[in-house]
Amino acid sequence: MTIQPLLSVKDIRKTYGDRVGCSDVSFDLYPGEVMGIVGESGSGKSTLLNCMAGHLPPDSGQVLFDTRDRGMVDTLTMSEPERRMLSRTDWAFVHQHARDGLRMGVSAGGNVGERLMAVGARHYGNIRTQAIDWLDRVEINEDRVDDKPSAFSGGMQQRLQIARNLVTGPRLVFMDEPTGGLDVSVQARLLDLLRGLVREMGLSAIIVTHDLAVVRLLADRLMVMKSGHVVEHGLTDQVLDDPQHAYTQLLVSSVLQV
Amino acid sequence: MSDYNFAYLDEQTKRMIRRAILKGIAVPGYQVPFASREMPMPYGWGTGGVQVSAACLMPEDTLKVIDQGADDTTNAVSIRKFFEKTAEIAVTEKTREATVIQTRHRIPEEPLTEGQILVYQVPIPEPLRFLEPRETETRKMHALEEYGLMHVKLYEDIAKHGHIATSYAYPVKVEGRYVMDPSPIPKFDNPKMEMAAIQLFGAGREQRIYAVPPYTKVVSLDFEDHPFDPSKANHPCDLCGAEHTYLDEVIIDDEGGRMFVCSDTDYCAERQAMGYRGRLSPEAAE
């Protein structure tokens, strides 16, 4: 018996004029799997992520997603209302900077509740209970529920952003450098939290990062990108412990061993 | 005869505005863009309402203008004079006698009838504006009926104040489709919007016209456990004793003295003429 992939990316290509953003990227992501995409700045990993999440239209290729009602559907050709509905329900996007993903003028509870209200929740008490429950799951104290995100530390903002995204129980999470800009101890706690949530909820995730420690901890599989192309892919431990491509070898050896 | 074209605007402009009005009536609650003209008054004084009124007025019309319910405040007086001068039409303070009523921030207490037109002055037509500053995004949200954000605002109200504290410009959903800003009328007036008269909304600075046709369903947004409450000050009017009208609170001395009076001056005067008296009526005080 074969398992149906949750997301199937086929030959994604995006160019900016003459410059290649990313090219010939294809892979399948299976339910419950976490895929890491690593590479240096400018290697096209963010372009790829934005193409998959529908934020950027790729020049060619397909992004097939296993929708609940219609099976595998190309998200690039589906209607905009449908795609926006998908990004409110089954998909989530965690931005590198929490302020891109949060409404800074709205309280923490309102931020978490927004997705619930967007899919039709109209009972204040229930929305609030769920918001508090999710704040608790990302280790934000209940008494902060009415504070604005601007009163939160960077790590808390990032955790709030994760709560806001996961509250509707998505099946696929896109993460763009979720630990960027956080100090190491906060990073460690965030990674711990993410790992717990991913396992507990059976999430599939695509994590873009340049931090090899992040993928080592979270990702099952790894894709290494350079100059818009995938140069190596495989199981995370295999790629990191036995890098084949020259660039991957460079990447792995660049990490400081403390 | 004055030297102005009838009702100040030229005929082509009125035609353009009428087309926007018709489109607005055809799609209740939808904000129709129109080429708003400069009017001889500052933005925020009712330039949108005046243009809509000018496009609706006929020589045989009778105009009433109210400002916060009153017929005798600056805005009401100057707009009434404007049309007396440029259109030479009859004006009135009686809600019942008017065919076109331009209003700033109130719906008259007297129920309106078929054949009347109520024109609102609107400062900011976009109900989602304070939550989503991008016009491209709010248009998309209207088009795709993504109104969850409106409830985020109400959620914030309850989280902050324990109840929905929005007391004016309370968002409504028109005919089960478009979410609309009813202009800054008190939420007490929201239930009256399901009425027999045509309601037109003009926003001059923002260049938008929208409309609610007669007998259209207008529902104020709320939560299941925090239902909509069209509240008012818990007092009778101190001049006419009415307990069912929207009241203004007026400070009358520097010792904490205050009175509550109907904000609709025409309605209050009519009740007093009929013999109704309140706590501070001249006769009662004697």
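Just so you know, the sequences run in chain order H and E. For the first sequence, position 127 (counting from the first letter as 1) is numbered 127 according to our numbering, and the numbering increases by one without interruption. To convert, count from 1 in the second sequence and add 258; that's our numbering. Just so it is clear, CB atoms sit at the ideal spot from N, CA and C, and this is done for glycine as well.
Residue environment, residue i, which counts as buried when at least 16 other CB atoms sit within 10 Å
| i | result |
| --- | --- |
| L280 (chain E) | exposed |
| L256 (chain H) | exposed |
| F388 (chain E) | exposed |
| M156 (chain H) | buried |
| Y378 (chain E) | buried |
| V184 (chain H) | exposed |
| G272 (chain H) | Here chain H comprises residues numbered 1 to 258, so residue 272 (chain H) is not present and cannot be evaluated. |
| N448 (chain E) | buried |
| V119 (chain H) | exposed |
| D276 (chain H) | No answer is possible for residue 276 (chain H): it lies beyond the span of chain H, which begins at 1 and ends at 258. |
| S294 (chain E) | buried |
| L86 (chain H) | buried |
| Q289 (chain E) | buried |
| T371 (chain E) | exposed |
| T394 (chain E) | exposed |
| H421 (chain E) | exposed |
Residue-chain proximity (residue i, chain H), Cβ-Cβ < 8 Å
| i | result |
| --- | --- |
| G434 (chain E) | no |
| L402 (chain E) | yes |
| V410 (chain E) | yes |
| Y212 (chain E) | Summary: the structure shown does not reach residue 212 (chain E), with chain E confined to residues 259 through 544, and so no result is reported for it. |
| G406 (chain E) | yes |
| A233 (chain E) | A question about residue 233 (chain E) goes unanswered here, because the residues of chain E that appear run from 259 up to 544. |
| I510 (chain E) | no |
| K418 (chain E) | yes |
| Y525 (chain E) | no |
Coarse secondary structure for residue i, derived from DSSP in three states
| i | result |
| --- | --- |
| A92 (chain H) | strand |
| S185 (chain H) | helix |
| L218 (chain H) | helix |
| Q360 (chain E) | strand |
| E355 (chain E) | coil |
| C51 (chain H) | helix |
| M532 (chain E) | coil |
| L7 (chain H) | strand |
| G306 (chain E) | helix |
| F264 (chain E) | coil |
| E544 (chain E) | Since pLDDT at E544 (chain E) reaches only 48, below the 50 mark, its modelled position is unreliable, and the value read off the structure follows with that caveat. Coil, per DSSP. |
| S204 (chain H) | strand |
Below-8 Å beta-carbon distance, residue i vs any chain E residue
| i | result |
| --- | --- |
| R216 (chain H) | no |
| V34 (chain H) | no |
| V112 (chain H) | no |
| I206 (chain H) | no |
| V106 (chain H) | yes |
| H245 (chain H) | no |
| P81 (chain H) | yes |
| H210 (chain H) | no |
| I127 (chain H) | yes |
| G109 (chain H) | yes |
| Y124 (chain H) | yes |
| M78 (chain H) | no |
| R99 (chain H) | no |
| D146 (chain H) | yes |
| A118 (chain H) | yes |
| R137 (chain H) | no |
| R164 (chain H) | no |
Contacts around residue i, its chain only, beta-carbon distance under 7 Å, and the 5 residues preceding and following it disregarded
| i | result |
| --- | --- |
| N333 (chain E) | W303, G304, D325, R362 |
| M517 (chain E) | D496, V508, I510, L538 |
| T503 (chain E) | E367, C495, C520, D522, Y525 |
| Q158 (chain H) | A98, P178, L182, L190 |
| H493 (chain E) | L505, F518 |
| D24 (chain H) | D11, R13, H229 |
Proximal residues to residue i (C-beta, below 6 Å), its chain only, five neighbours per side dropped
| i | result |
| --- | --- |
| S43 (chain H) | M225, K226 |
| N50 (chain H) | L56 |
| T47 (chain H) | K14, G21, C22 |
| Y534 (chain E) | C498, G499 |
8 Å Cβ shell around residue i - same chain, five flanking residues per side excluded
| i | result |
| --- | --- |
| V145 (chain H) | S107, A108, G109, R128, A131, I132, L135 |
| E544 (chain E) | Any reading at E544 (chain E) needs caution, since the residue's pLDDT is 48, under 50, leaving its predicted position unreliable; the model's value is listed next. Closer than 8 Å at Cβ, skipping near neighbours: no residue. |
| H409 (chain E) | L479, F481 |
| L235 (chain H) | D220, R221, L222 |
Give a yes or no on contact between the segment 155-167 of chain H and the segment 109-117 of chain H, applying the rule of three or more CB pairs nearer than 8 Å.
The segment 155-167 of chain H is in contact with the segment 109-117 of chain H.
Touching or not, the segment 271-288 of chain E and the segment 304-316 of chain E, by the rule of three or more beta carbon pairs under 8 Å?
yes
Counting Cβ pairs closer than 8 Å, one from the segment 467-487 of chain E and one from the segment 509-525 of chain E, do we hit at least three?
Because the criterion of three Cβ pairs below 8 Å is not met, the segment 467-487 of chain E and the segment 509-525 of chain E do not touch.
Listed in chain order, which residues of the segment 473-495 of chain E have Cβ atoms closer than 7 Å to some Cβ of chain B?
The chain inventory of the structure shown lacks chain B, comprising the protein chains H and E.
Could you tell me whether the segment 344-353 of chain E touches the segment 418-433 of chain E, using the rule of 3 or more Cβ pairs below 8 Å?
Not touching, per the Cβ criterion.
Count the C-beta pairs between the segment 53-67 of chain H and the segment 122-130 of chain H that are closer than 8 Å, then say yes if the count reaches three, no if not.
no
Determine, using beta-carbon pairs with one atom in the segment 213-224 of chain H and one in the segment 5-17 of chain H, whether at least three such pairs fall under 8 Å.
no
Do the segment 458-474 of chain E and the segment 430-441 of chain E touch if we need at least three Cβ pairs shorter than 8 Å?
yes
Is the number of C-beta pairs between the segment 33-42 of chain H and the segment 206-221 of chain H that are closer than 8 Å three or more?
yes
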